[in-house]
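Under numbering that gives the first Met the number 0, the first residue of the sequence shown carries the number 0, and numbering increases by one thereafter.
Remarks on the structure that follows.
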Amino acid sequence: MSTKDEFIELLRSTNREGVEDLLEGLEKIGFFTAPASSTHHLNIEGGLVQHSLNTCKAALMVWEGMIALGPGLEKEVERDSVIIASLLHDVCKSDIYFRSVKKKKTAIGTWEDSEGYKVSYKNFPMGHGEKSVILILCNGISLTDDEMLAIRWHMGAWGLNLNSYEDQRCFDTSLKLYPLVTIIQVADKLAANIMERSGEELDEL
Ligand SMILES: [Fe+2]
Ligand SMILES: [Fe+2]
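So, in structure tokens, the structure goes:
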């Protein structure tokens, strides 16, 4: 099964109303062909859907593992919410990468052309997690509060405006109120830093 088919099957498994409209919208904004980043993890065509699927698999493992430690979590966090928030957390990246040719230094110090991506936020400069939430809602499915907040704050402290007391309080409150927020943050990091770590990236450290 292709990555895209696996993504679609998992999303449909939630039976959330509007999933078909959302899939159509994702296709239109380029979600299924976009890379996951311009220079880091999965900077290739289709990288974004692969990263979303990896995040979902990691999130389900974390969710199941935490339930095994203390069954109370099953009542607080629904499996469908884990799937929806993880698969859709980075929808905001669908329309920000554009193909470009960059100069890259070789191991012997010469320069060569390297095909890659440049980043532009001109399509909808709304931010990161907050843009994902809005795009999902505008494309036809509803989200629960914990799903919205898990997507909004999935970057953890990296996405936090440290000059804003209100942002800090909202972030902190979301973490305490909704375990899904922590699950998605952790799963995103597990996917990017473990599942998607490439030899090339390690060489460049
Ligand atoms: Fe992200
Ligand atoms: Fe991500």
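Even glycine gets a Cβ: it sits at the ideal position worked out from N, Cα and C.
Under the three-state reduction of DSSP output, aspartate 187 falls in the helix class. Annotation for aspartate 20: no beta strand (DSSP E) segment contains it, though the alpha helix (DSSP H) segment containing it runs 18–28.
In this model, leucine 136 and isoleucine 28 are separated by some 14 angstroms (Cα to Cα).
Looking only at His127, Asp20, Asn138, the smallest Cα-Cα distance to glycine 155 is reached by His127.
At a cut-off of 7 angstroms, the beta-carbon of threonine 38 does not count as near ligand 2: no heavy atom of the ligand is closer than that.
Contact check between the region 38–46 and the region 188–198: three or more CB pairs, one atom from each, fall below 8 angstroms, which counts as touching.
Considered as a whole, the region 44–90 harbours 46–68, 72–75, 78–87 as its complete alpha helix (DSSP H) runs of no fewer than 4 residues, in chain order.
Taking non-hydrogen atoms of ligand 1 into account, the C-beta of methionine 147 is found less than 7 angstroms away from none of them. Relative to ligand 1, methionine 125 has its C-beta separated by 7 angstroms or more from all heavy atoms. Spatial neighbours of serine 119 in its own chain (CB-CB distance under 7 angstroms, excluding positions within 5 residues in sequence) are listed in chain order as Ile95, Phe97. With a cutoff of 7 angstroms, alanine 191 counts as near ligand 2, since its C-beta is closer than that to a heavy atom of the ligand. Taking the Cα positions, tryptophan 152 is about 7 angstroms away from valine 180. Excluding five sequence positions before and after asparagine 122, the CB atoms of its chain that fall closer than 6 angstroms to its own CB belong to Asp94, given in chain order. Taking each of Tyr177, Ser141, Lys130, Val132 in turn and checking the Cα distance to glutamate 16, the smallest one comes out for Ser141. If you look at tyrosine 164, you'll find it in the alpha helix (DSSP H) that goes 164–176. Assigned with DSSP and collapsed to three states, lysine 102 falls in strand.
Each of Asp89, Asp187 has a C-beta closer than 5 angstroms to some heavy atom of ligand 2; these make up the full list, in chain order.
A distance criterion of 7 angstroms places the beta-carbon of methionine 154 in contact range of ligand 1, judged by its closest non-hydrogen atom.
At the C-beta level, glycine 139 and aspartate 20 come within 8 angstroms of one another. DSSP links glycine 115 through a beta bridge to Ser99.
Nearest C-alpha to valine 132 among Cys169, Cys91, Glu114: Cys91.
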